[in-house]
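Residue numbers (this note's numbering): 1027 to 1333.
Built from N, CA and C at the ideal position, the CB exists for glycine as well.
In what follows, a single structure is set out as C-alpha cells and then discussed.
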C-alpha cells in the first residue's frame, strides 16, 4: 500500500465562513434525512400487522453492516491511535479523516432501528410467510465477515506494525487502522449485496407492497447531501480532494445508496405502480399469496411446494 495518497493539482477554495456554513447545513440535512429514513418501515409494518413483502436477508445483514460502520466512525473520530495511523499511512498533508459526527449519529441510530425492525419478524406476532427466512448465502456472509474481523484483530495483536513515531511514514505491518478499514470494506460489501434480495423480491411479487418508498426517498436525499458535504470538507483540508481517497467508504456508500434508491423508485413508480393503491387489509393479491402459502395451497386449491 502506498505511504502517501496521490495529491490532486487543484485550486482549493478559500476558507470563507460561508463555505463552512454550507457544509454545516448539509451536515444537518443529511443527518435528518438519514435519521427519519429509519421510521417509515417499522411504522408500515405496525399498520399492516405484517412483514410480508420484505426480505429478511436485508434487515438481518443491515445490523452487521451498521455495526461495522458504527465502530469505524467511532475509531476515526475518537481513537488517537487510529487517527495517528491514518496520518502516517496517507501522509500528514492529508489531514484528519473526513468523518463527521453526523456519520456516527446516523449509523448508530440506524443500528438501533434495524435491531428494532428485526424484532417485528419474530416477536410481534405479525403475518410472516414460511418462505421469509435467512438464506444460506447471507448466513455464510455473516459468519465469514465475523471470522475475517477476528483474524485481522489477531494479526494486529501478534504481528503488529513496527513501533515508529506518528510523524514517520508507514513502515509496514498490521495496524488497528487495517481492522477499521476491513470493517469499512465489509460494510461496503454488505451495502452492495443487501439491496438485491429486496429488489429481487419486488420483482418476483411484481410489487413494492410492504416496502417503504419513503425510506428510499429520504435515504436518497441524505446520500446526495452527504456526498456534497464530503467534497466540501475534503476541499477545505490540507490534502484537498485527495482526502476523499483516505475515506473511500463514505464516498462509495453514498453512491451505492443513490443507485439502489433509484432502482427502488423505478420499481415503485414505473415497473409495478399497481401496488400503490392497494389498501392495507388487501395485500394478499399483491404480496404473493399470503393465505394460500400459509395453508400450503396454490390459488387453484392444489397443494404445491413452498419456496
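Got a sec? Which residues, its chain only, sit under 8 Å from residue i by beta carbon, not counting five neighbours each side?
i	result
residue 1287	1242, 1243, 1245, 1246 and 1249
residue 1054	1128
residue 1154	1076, 1077, 1078 and 1147
residue 1044	none
residue 1291	1239, 1242, 1243 and 1246
With distances taken from CA atoms, which of the options is nearest residue i?
i	options	result
residue 1202	1146, 1153, 1254 and 1101	1101
residue 1279	1291, 1216, 1157 and 1155	1216
residue 1084	1228, 1253, 1260 and 1254	1228
residue 1174	1251, 1143, 1207 and 1109	1207
residue 1122	1109, 1132, 1130 and 1069	1109
residue 1149	1070, 1075, 1224 and 1172	1075
residue 1052	1289, 1252 and 1299	1252
residue 1146	1295, 1070, 1058 and 1294	1070
residue 1181	1132, 1130 and 1200	1200
residue 1221	1184, 1285, 1187 and 1158	1285
residue 1188	1291, 1115, 1056 and 1059	1115
Would you list the residues sitting across from residue i in a DSSP beta bridge?
i	result
residue 1186	1200
residue 1153	1076
Buried or exposed: residue i, going by 16 or more other Cβ atoms within 10 Å of its Cβ?
i	result
residue 1166	exposed
residue 1151	exposed
residue 1047	exposed
residue 1073	exposed
residue 1260	buried
residue 1096	buried
residue 1090	buried
residue 1309	Confidence at residue 1309 is low in this model, with a pLDDT of 45, below 50, so its placement is unreliable and the value that follows should be read with caution. That one is buried.
residue 1142	exposed
residue 1132	buried
residue 1299	exposed
residue 1057	buried
residue 1186	exposed
Spatial neighbours of residue i within its chain, please: CB distance less than 6 Å, with the 5 preceding and 5 following residues excluded, ordered by chain position.
i	result
residue 1276	1256
residue 1210	1098 and 1275
residue 1294	1234 and 1239
residue 1094	1209, 1212 and 1213
residue 1232	1298
Skipping 5 residues on each side, what residues in its chain have a beta carbon closer than 7 Å to that of residue i?
i	result
residue 1282	1217 and 1218
residue 1289	1225
residue 1171	1090 and 1212
residue 1214	1275, 1278 and 1279
residue 1179	1205
residue 1144	1085, 1086 and 1089
residue 1067	1143, 1238 and 1241
Count Cβ pairs between the segment 1063-1082 and the segment 1091-1111 that sit closer than 8 Å; are there 3 or more? When C-beta atoms of the segment 1063-1082 are compared with those of the segment 1091-1111, fewer than three pairs fall below 8 Å, so the two segments do not count as touching.
Taking 8 Å as the cut-off, does the segment 1127-1144 touch the segment 1232-1242 (at least 3 CB pairs, one atom from each stretch)? Contact between the segment 1232-1242 and the segment 1127-1144 is absent: fewer than three C-beta pairs spanning the two stretches fall below 8 Å.
Taking contact to mean at least 3 C-beta pairs separated by less than 8 Å, is the segment 1084-1094 in contact with the segment 1154-1168? Between the segment 1084-1094 and the segment 1154-1168, the count of C-beta pairs closer than 8 Å reaches three or more; the two stretches touch.
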